[in-house]
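Read left to right, the sequence shown gives residues 41 to 336 (this note's numbering).
See structure below.
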Amino acid sequence: MYGSVNDKVIGYLVIDEAGQASPQQAIGGIWRSKHIICVGDPLQIKPVVNLDRNLIECIKNINLGKDIENKYFGENTSVQRLADLANRYGTVENGNWIGIPLWVHRRCKEPMFSIANEIAYNNKMVLAIKETGKSKWFDCGGKVEGKQYVKEQADILLDEIIKRWEQKDTNLYIITPFVEITIKLKELLTNVLPNKLENVDKKKIEKWIKNSIGTVHTFQGKEANTVYFICGGDENTQGALNWSCSEPNILNVAVTRAKKEFYIIGNYNLLSQKKYYETIANNIEKEILDKRKEIL
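Below is the structure:
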């Protein structure tokens, strides 16, 4: 589109969500601009890079030399990271230079704000308007069917979503770390909701399901009044669960999509001792609701 545009033709280029953009995605626009403003958060979703780590390292060594640090050319390097490094103004946080951090948070009510503030920002953010929303941990066990999908957790979610639709409260997202759970939940709600909500247009339900259910990566930069976070997993899928909390990014994004209400559905005993999940457990109340016991 801009192939015929020369360098420094654009006065100001604003790059939003720069924390999840890889440098090569922005280089053309940057070269054609006089001034750049990057707005992003490296502690949320990282850039998606399809190249193998070893291949990236090989390309770097051949073209740039082995002395180039990975912070300039690593698989997780983002436009925002490079913009921070180039910024003369900022602060040092956990050994990283952050250029002009924006500490005032305006989206979420408590306890979502405090959860994100603790797991990702060392409690340095400030809440603009101090209000408390609703939150709850639906404690549910169950066994995985497939990779991470737990039917008992899906049943709890289904009950909640039907109630929301009956109350005409559909400004909400259903978020999970895992693609398989997204697929299964869409199938479940597509099959059940139209029959339970006979007075609602089916096309409206289909559109809502398409736009409101997905992995954490799907909802970067978005927000809703209410978020349901479906953990999935059981004792035999510890690897997947540990991956979901290996860094603060995934849970940070999930929690901060919710403006007013945040609900997590998962095995409390299994997850509440894991890093970052522990912070969620310490900030919201637990409700024991095991669908297996209800069936029995």
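All C-beta atoms in this analysis are idealised placements derived from N, C-alpha and C, irrespective of residue type, glycine included.
Proximal residues to residue i (C-beta, below 6 Å), its chain only, five neighbours per side dropped
i	result
Ile202	Lys236
Asn211	Ala264, Asn265
Lys314	Cys285
Tyr317	Cys285, Leu311
Ser73	Ile50, Leu53
Ile335	Bear in mind that the predicted position of Ile335 carries a pLDDT of just 38, short of 50, making it unreliable; the figure below should be weighed with that in mind. Nothing meets the Cβ criterion.
Met165	Trp143, His145, Asn157
Cutoff 7 Å; reference residue i; Cβ partners in own chain excluding five residues on either side
i	result
Thr222	Thr216, Ile253, Gly254, Thr255
Gln232	Reading the sequence as shown, one finds Val at residue 232 and not Gln. Around Val232: Leu198.
Thr319	Ile155, Glu158, Ile159
Glu115	Val89, Arg93, Ile96
Gly186	Glu220
Asn323	Pro151, Ser154, Ile155
Ile245	Leu233, Pro234, Leu237
Ser44	none
For residue i, the residue or residues it bridges with in DSSP
i	result
Lys174	Glu301
Glu150	Thr172
Tyr52	His75
Asn90	None, per the DSSP bridge assignment.
His257	Partner(s): none; His257 has no beta bridge.
Asn163	None; Asn163 has no bridge partner.
Leu142	In the DSSP output, where bridge partners are listed per residue, Leu142 has none listed.
Phe269	Ile215, Ile304
Ile328	Asp179
Thr117	DSSP output for Thr117 lists no bridge partner at all.
Ala264	Ala298
Residue i classed as buried or exposed, judged by whether at least 16 other C-beta atoms fall within 10 angstroms
i	result
Thr172	exposed
Leu91	exposed
Gln188	buried
Ala321	buried
Ile305	buried
Gln64	exposed
Ile67	exposed
Val295	buried
Ile77	exposed
Ile196	buried
Tyr303	buried
Ala126	exposed
Asp47	exposed
Ile99	exposed
Lys224	buried
Cβ-Cβ separation, residue j to residue i (assumed contact under 8 Å), whole Å
i	j	result
Ile341	Asn289	Only positions 41 to 336 of the chain appear in the structure, and residue 341 is not among them; the question remains open.
Ala160	His145	Incorrect: roughly 11 Å between the Cβ atoms, too far for contact.
Val293	Phe269	About 10 Å separates the two Cβ atoms, so there is no contact after all.
Val119	Ala58	4 Å
Lys262	Arg297	6 Å
Glu301	Lys174	4 Å
Asn103	Gly181	Going by Cβ atoms, the distance from Asn103 to Gly181 rounds to 51 Å, so no, they are not a contact pair.
Cys148	Lys299	6 Å
Pro151	Arg121	Between Arg121 and Pro151 the Cβ distance is about 29 Å, and since that is not below 8 Å, they are no contact.
Gln193	Gly272	7 Å
Asn309	Val184	That belief does not hold up - the Cβ atoms of Asn309 and Val184 are roughly 16 Å apart, past 8 Å.
Ala280	Phe218	7 Å
Own chain, CB closer than 8 Å to residue i, minus 5 neighbours either side, in chain order
i	result
Glu327	Lys176, Trp177, Phe178, Asp179
Gly69	Tyr42, Ile50, Leu53, Ile55
Tyr129	Gly139, Ile140
Arg204	Thr210, Leu212, Thr266
Gln60	Gly80, Gln84, Ile85, Lys86, Pro87, Val88, Ser118, Gln260
Asp274	Gly181, Gly182, Lys183, Val184, Val190, Asn307, Leu310
Glu325	Ser175, Lys176, Trp177
beta-carbon residue i near the ligand NAD non-hydrogen atom, thresh 6 Å
i	result
Thr277	In the structure shown, the ligand NAD is absent, as is every other ligand, since no ligand is present at all.
Is the stretch 88 to 103 touching the stretch 132 to 152 in the sense that three or more CB pairs, one from each, lie closer than 8 Å? no
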